[in-house]
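Everything below concerns the one structure shown next.
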Amino acid sequence: MRIIIDEKPVEVEPGITILEAARQNDIDIPTLCYHEAFGGQGMCRMCMVEVKNGATSRLVASCTYPISEEIEVSTSTPAIARIRRNIIGLLYRRAPNSEFMQLLREQYKCPEVRLDVNQEENCILCRLCVKACEEMGSSAIAAVFRGTDKRIGTPYDDAATACIGCGACAQICPTGAIAMTESEDRRTIWNKDFALVRCQRCGQPVGTPEQLEYIASKSGLALEFGLCQECRRKQAAVKVSGYHR
Amino acid sequence: MDKIIVVQPEKCTGCHTCELVCSFTHSDEFNPTRSRISVINFEKIGFAFPVLCQQCGEAACMKVCPVGAISRSAVTGAMEINDGKCLRCQMCTIACPFGATLYDPVANIVAKCDLCQGDPQCVKLCPSGAISYQAASVNSLSKRKAFAARFTDVFEEVR
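Quick mapping for you: the protein sequence lines, in order, are chains A and B.
The first sequence begins at 414 in the working numbering and counts up by one.
The second sequence begins at 9 in the working numbering and counts up by one.
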C-alpha cells in the first residue's frame, strides 16, 4: 500500500501503524510512551500527526493508528509543534528536576517553571514501567488514582506479591523515577524487600530468589544458578582444564 | 551449514588480545570489561581458556527473554539481541550457563558475541590461532561436542 508521509510517497504493509511506517522510512516522530517491545500506548500524545484522507483532515496518535487507506500524513505542522511543546511544557512542570525533562524543555523551547512544583517528582506517567512489568508477566504496578493525584504504584502501596524484583521497570524508566536500592543482603523496590542469592564461590549477588525461579521455569533447563557470571565462566574453564583448586 | 567458533585451549597463551579486539570492535575502546569474550587464566598450571557465547541450540538466553528480543540470525546462525526491543531486564545474563551474556552499563545494552556478522575479529587477530571460525563439519562439531560434554560435567558439579 502506498501512502504519503511528509510529501514523500512510501510503500507500507497495510495494518502497521503510521509511527512504524515513518520509522521504517527514517522519518522521525518523537515519542515518550512507545517501545519496540510492546508498541505504542497512545498515552503521551507526543506522536500526534495530521492525517489527510480525501478532503477531511484530523490529528491522530500515530503509534496506535493502523494504516488501512491511502492517506497523506504530515508529521510536523505548526499545530502539531504546538501540541508537542504543550505536552513537554506540562510534563516539565510535573518533573522539573529530571534531567530528561530539562533536556526536552530546552529542545522544545518551553518556558521555565514559575509555579510551586513538587521538587521530589520525577515520574512523567509514560507507563513504560507498567508495560515492561506486564511483559515480564508480573503486572505488579499500575497507574493509581485520578487526575492530579495519578501516579504509578503497587496495589494499596503494599509489597506486591507478583513483583519478582527484576528491576525492568527501573531500567526502562526514562527519568530515573523508580528507586531500586541494593544493600549487603537485600534489594528493595516498590516497598518490597528481597533476599539476594549469593554466588557460592565468591559471594557476589546473583539475583533475587524470585528471579531465579522465573528463569528456571521459563527456560525449562535444569540449571542451577548458584554462581555469578564471572564464576560461571571460571567454572567452565576449570572443567576444560581439568584443574581443581 | 553455519560456521561456528571453535576454541582450542591448548593453543591459547592467555594474552587477552581477543578481549581487546572484541571491546574495540563493539565499543570503540580497549576495555576488557566490555568484551564479549573473556579469557580465564590459570597461571600456576599454565592454562588459559577463552569463554564466549556457544550460540546454543536450545539457548537459555532466548528462552528467558520476556519480549523475544533474542533470536537466531538467519545469516550467521548467531543468537542476536535486538537492542530496540530489549527491556534490559538482564534475565539472560543470569540465565546464561557460560556467563557469556553481559550487561554493558556504559552503552546501556545487553551484549553477547554476535560473530561480528560472520567475520569474527577475535579469530582474525588471535596470535596463536586458538580461536578459529570453521564450517560446522564432523571434525569441528566433534571438537565442540567434546567441550560440550565437559561443560555438561561442569553443571553436574555445580549442582
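Note that the Cβ used here is the ideal one computed from N, Cα and C, for glycine as well.
Quick caveat: nothing in here was measured; it's all calculated off a predicted structure.
In this model, residue 54 of chain B and residue 60 of chain B are separated by some 20 Å (Cα to Cα).
Looking at the backbone, the Cα of residue 462 of chain A and that of residue 524 of chain A are separated by about 24 Å.
In the structure shown, the three-state DSSP call for residue 647 of chain A is helix. About 7 Å separates the CB atoms of residue 108 of chain B and residue 121 of chain B; that is less than 8 Å, so the two are in contact.
For residue 503 of chain A and residue 92 of chain B, the gap between their C-alpha atoms comes out near 27 Å. In the three-state DSSP reduction, residue 642 of chain A falls in the helix class (H, G or I). Taking 8 Å as the CB threshold, residue 456 of chain A stays off the interface with chain B.
Interface with chain B (8 Å Cβ-Cβ cutoff): residue 627 of chain A is included.
For residue 535 of chain A, the number of other beta carbons within 10 angstroms of its own is at least 16, and it is reported as buried. For residue 57 of chain B, a Cβ of chain A is located within less than 8 Å of the residue's own Cβ.
With respect to the C-alpha of residue 441 of chain A, the residue from A:455, A:486, A:610 having the closest C-alpha is A:486. Flagged as an interface residue toward chain B: residue 585 of chain A, by a C-beta distance shorter than 8 Å.
Going by C-alpha positions, residue 451 of chain A is about 28 Å away from residue 606 of chain A. Of the residues B:27, B:35, B:68, the one whose Cα lies closest to the Cα of residue 113 of chain B is B:35. Taking all protein chains shown into account, residue 564 of chain A has fewer than 16 neighbouring C-beta atoms within 10 Å of its C-beta and is therefore exposed. Note that the stretch 120-139 of chain B touches the stretch 11-25 of chain B; at least 3 beta-carbon pairs, one per stretch, sit closer than 8 Å. As DSSP reads the structure, residue 478 of chain A sits in no beta bridge. Residue 48 of chain B is not a Cβ neighbour of residue 645 of chain A, given a cutoff of 8 Å. With its beta carbon at least 8 Å from every one in chain B, residue 612 of chain A lies outside the interface. Around the Cβ of residue 527 of chain A, a 10 Å sphere holds fewer than 16 other Cβ atoms; the residue is exposed. Among the residues of chain A, those whose CB is under 8 Å from the CB of residue 72 of chain B are 627, 628, 631, 632, following chain order. Annotation: the continuous beta strand (DSSP E) that includes residue 111 of chain B extends over 110-112. Secondary structure in the stretch 569-620 of chain A: the beta strand (DSSP E) runs of 3 residues or longer, each lying completely within the stretch, are 593-595, 599-602, 605-608, 618-620 in chain order. For residue 95 of chain B, a Cβ of chain A is located within less than 8 Å of the residue's own Cβ. Taken atom to atom, the span from the alpha-carbon of residue 419 of chain A to that of residue 83 of chain B is near 34 Å. Only those residues of the stretch 446-472 of chain A whose C-beta falls short of 9 Å from the nearest C-beta of chain B are listed: 448, 449, 450, 451. Within chain A, no C-beta atom comes nearer than 9 Å to that of residue 28 of chain B; the closest sits roughly 17 Å away. As the crow flies, the alpha-carbon of residue 466 of chain A is around 40 Å from that of residue 81 of chain B. When secondary structure is reduced to three states using DSSP, residue 435 of chain A falls in the helix class. When CB distances to chain A are screened at a threshold of 7 Å, the residues of the stretch 37-51 of chain B falling below it are 46, 48, 50, in chain order. The beta-carbon separation of residue 554 of chain A and residue 578 of chain A, rounded to 12 Å, does not stay under the 8 Å limit for a contact.
For residue 630 of chain A, the closest alpha carbon among the candidates A:480, A:550, A:600 is that of A:550.
The beta-carbon distance between residue 542 of chain A and residue 476 of chain A, rounded to whole angstroms, is 17 Å. This is too long to meet the 8 Å contact definition.
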